[in-house]
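Number of protein chains: 2
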Amino acid sequence: MTMKFCSHCGLDRLEIRIPEGDTLSRFVCANCGTIHYQNPKIVVGCLPEWDGQVLLCRRAIEPRHGLWTLPAGFLENGETLPAGAIRETLEEANARVALGDLYTVISLPQINQVYMMFRARLEDVDFRPGAESLDVRLFDERDIPWEALAFRTIARTLRNWFLDRKSGVFPLRLSDLSRRPPVPPDLLGAA
Amino acid sequence: MTMKFCSHCGLDRLEIRIPEGDTLSRFVCANCGTIHYQNPKIVVGCLPEWDGQVLLCRRAIEPRHGLWTLPAGFLENGETLPAGAIRETLEEANARVALGDLYTVISLPQINQVYMMFRARLEDVDFRPGAESLDVRLFDERDIPWEALAFRTIARTLRNWFLDRKSGVFPLRLSDLSRRPPVPPDLLGAA
Chain A
15 MTMKFCSHCG LDRLEIRIPE GDTLSRFVCA NCGTIHYQNP KIVVGCLPEW
65 DGQVLLCRRA IEPRHGLWTL PAGFLENGET LPAGAIRETL EEANARVALG
115 DLYTVISLPQ INQVYMMFRA RLEDVDFRPG AESLDVRLFD ERDIPWEALA
165 FRTIARTLRN WFLDRKSGVF PLRLSDLSRR PPVPPDLLGA A
Chain B
15 MTMKFCSHCG LDRLEIRIPE GDTLSRFVCA NCGTIHYQNP KIVVGCLPEW
65 DGQVLLCRRA IEPRHGLWTL PAGFLENGET LPAGAIRETL EEANARVALG
115 DLYTVISLPQ INQVYMMFRA RLEDVDFRPG AESLDVRLFD ERDIPWEALA
165 FRTIARTLRN WFLDRKSGVF PLRLSDLSRR PPVPPDLLGA A
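In the order they appear, the protein sequences are chains A and B. Numbering of the first sequence is given in my numbering, commencing with residue 15 and proceeding in unit increments. Numbering of the second sequence is given in my numbering, commencing with residue 15 and proceeding in unit increments.
What follows is the structure, given as structure tokens:
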């Protein structure tokens, strides 16, 4: 978030500069000297499985209202990664899961996020949409709404999972997602 | 960090309360309505190996000035996890590493951090202390200064690594570190 005022002294004398002994630009208050560090956030969630099907939530909030996602959200202060994944699944799908291994870890440097998705098994099928979901459903692989997924991180996690399921081995999948490079105009619409 | 003034409007009318539709307490500005979310930070680093020895840095900064640590620090905005681990190793030890797998992931809910440590191999032994280090050295297992390590996350990562090295298999180690429970007075000093 862009800062207009120093949260320590309240004045509007913030500068963007490299503090002494540092190597990166920060918001620095020219009045009181406070350095306001900003760091990436963790998005934590899981891939809940039930009898070969995967649970997806249809988003009732922006961004990507109406598109489908795995239950996930920002890790909160005071929370462990597994606790965050379980909480998000309960909030978005009213679903209880037994959490498995950490499965995908995806850096998104352009939006200052790191996704961390666990494998999970639903404990029952007594789920229903939470306040942030329009719908919650179980999908077979052939029915996954690939064209209506909310985020590339979710598509990648699902693709990896269906591939790894063939072998029954689910190694940790560490990767990055960068902004798509612009498509040259003469290639737009090409096959 | 505790906020005194709203960084959006500059007034000192921040309240700690649960915003509508939320479940957790946040800093909320009673003047402009801005909700100031605060989330855990990622500490990223690596365990640099060279011919069976491990590189440690002696801290020149607080906290834990004078104690030994693996190269690690806060992931920066705009950075991927591997890039952060490589940067921290260069900054603290002037050391270049080939990064391996993600190895330990440790939630520290009481201080709102998640440690993420990679395995790594030094590319050469032309290292020297960076501005935040007093000393940088390679240690055999028997010489690790266990009583002078800076953080429990670092001790755990090293212990796991020396154990896993015996089998040559280094699975992802996901865990939590909670505040130590207070020791009952009658147990203090007990064997």
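C-beta atoms are modelled at their ideal positions from N, C-alpha and C, and glycine is treated no differently.
Close to chain B, meaning a Cβ-Cβ distance shorter than 8 Å, are the following residues of the segment 51–84 of chain A: Tyr51, Gln52, Asn53, Pro54, Lys55, Ile56. Taking a Cβ-Cβ cut-off of 9 Å, B:Gly47 has no neighbours in chain A, whose nearest Cβ is about 14 Å from it. Nearest CB-CB separation between B:Ser39 and chain A: not below the 7 Å threshold. Residue-level contact check: A:Thr118 does not touch chain B, since none of the beta carbons of chain B fall below 7 Å from its beta carbon. Within chain B, the residues whose beta carbon sits less than 7 Å from that of A:Pro123 are Gly92, Glu93, Thr94, listed in sequence order.
The beta carbon of A:Asp154 sits no closer than 7 Å to any beta carbon of chain B. Per DSSP, A:Thr103 is one residue of the alpha helix (DSSP H) stretching across 95–107. A:Asn53 and A:Arg40 have their alpha carbons spaced roughly 11 Å apart. Inclusion of B:Leu81 and B:Phe153 in the CB contact set at 7 Å is not warranted, their separation being larger than that value. Fewer than three beta-carbon pairs drawn from the segment 27–39 of chain B and the segment 104–114 of chain B are found closer than 8 Å, and the two stretches are therefore not classed as touching. Excluding sequence positions up to five before and after B:Glu90, its CB lies within less than 7 Å of the CB of Gly98, all in the same chain and listed in chain order.
A:Glu90 carries a coil assignment under DSSP once its states are collapsed to helix, strand and coil.
Short of 7 Å from the beta carbon of A:Gln124, and not among the five residues preceding or following it, lie these beta carbons of its own chain, in chain order: Ser192, Arg193.
Between A:Thr83 and A:Ala134, the C-beta spacing is not below 7 Å.
At a cut-off of 7 Å, the C-beta of A:Leu89 has a neighbouring C-beta in chain B. When the Cα atoms are used, B:Glu137 and B:Val128 turn out to be separated by approximately 27 Å. Residue contact with chain A for B:Phe19: present (Cβ-Cβ distance below 7 Å to some residue of chain A).
Considering only A:Arg156, A:Asp190, A:Glu161, the residue with the shortest C-alpha distance to A:Leu177 is A:Arg156. Rounded to whole angstroms, the gap between the alpha carbons of A:Pro143 and A:Leu116 is 24 Å. The segment 26–98 of chain A contains, as complete beta strand (DSSP E) runs of 3+ residues, the segments 28–31, 40–43, 55–64, 67–73, 86–88 (chain order). A distance below 7 Å separates the beta carbons of A:Leu28 and A:Cys43. As the crow flies, the alpha-carbon of B:Ser147 is around 35 Å from that of A:Pro185. Among the bridge pairs identified by DSSP, A:Arg187 is matched with A:Thr118. Under a criterion of Cβ atoms nearer than 8 Å, the residues of chain B adjacent to A:Asn126 are, in order, Asn91, Gly92. Rounded to the nearest whole angstrom, the C-alpha separation of B:Thr118 and B:Arg173 is 11 Å. Distance from the CA atom of A:Leu188 to the CA atom of A:Phe132, rounded to whole angstroms, is 12 Å.
Residues of the same chain with a CB within less than 6 Å of the CB of B:Ala162, apart from the 5 flanking positions on each side, are Leu81, Trp82 in chain order. When only Cα atoms are considered, B:Trp160 and B:Val68 end up about 13 Å apart.
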